[in-house]
Amino acid sequence: MLLRIGYGWDSHEFKAGIPLKIGGVGLAHPKGLGGHSDGDVLLHALTDALLGAVAAPDIGSLFPPSDPKWKGADSAVFLREALNRVRTAGYAVVNVDCTLILAAPKIGPHATAIREYVAELLGVPIDCVGLKAKTPEGLNTDNAAIANAVVLLEKKR
Ligand SMILES: [Zn+2]
């Protein structure tokens, strides 16, 4: 196959008094995202999208939340492992596109920093990383952050 597509989804609950990190970028906010590792909802969705594109096991299977080793871990570790699997399977990332759904904080002022960091992690130009943020109208999820991500891979020549 010349092309493959991958899709990832994740959500985390906001918790008071912990740092907020989205797409590897620390954001000033009274609450952070709890749960698995550093709670980086965007990097988790991207990791699952990369893994899904090559039909690898998902993030929860490779890095079980029950394993104390991953408590507070930098989620870039998961993304790098997913990227290794993509490369081992003979593919390269063409582009990624992501949507964040959260009530606060506003992502707009940080979007370029997040795209720059994700592009660097993936080894693609910044114009190959799309990022939109929406507020959760009518979803009753104001205390959660949700991330959707799709990736396109191409066979390496
Ligand atoms: Zn997650």
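The opening residue of the sequence shown carries number 20 in our numbering; numbering runs sequentially from there. Yeah, the Cβ is synthetic: ideal placement off N, Cα and C, and Gly gets one too. No experiment lies behind these values; they were computed from the predicted model shown.
Open item on the list: Suppose contacts are defined by Cβ-Cβ distances below 8 Å. Is H48 in contact with P124 by that definition?
Closed with: The Cβ atoms of H48 and P124 lie closer than 8 Å to each other.
Task: Enclosing beta strand (DSSP E) for R104 [first to last residue] - done: Segment 95 to 107 is the alpha helix (DSSP H) holding R104; no beta strand (DSSP E) there.
Task: Alpha carbon of I62 to alpha carbon of A68, nearest angstrom - done: For the record, residue 62 in the displayed sequence is Leu; it is not Ile. Cα-Cα distance, rounded: 10 Å.
Open item on the list: Please report the straight-line C-alpha distance between L172 and D161, rounded to a whole angstrom.
Closed with: Cα to Cα, the separation comes out at about 33 Å.
TODO: Could you have a look at T160 and say whether DSSP puts it in helix, strand or coil?
DONE: Residue state, collapsed to three classes: coil.
Task: K153 versus V169 - alpha carbon distance - done: Just so you know, the alpha carbons of K153 and V169 end up roughly 16 Å apart.
TODO: Note down the Cα distance separating V73 from P128, rounded to an integer number of angstroms.
DONE: Approximately 33 Å between the Cα atoms of the pair.
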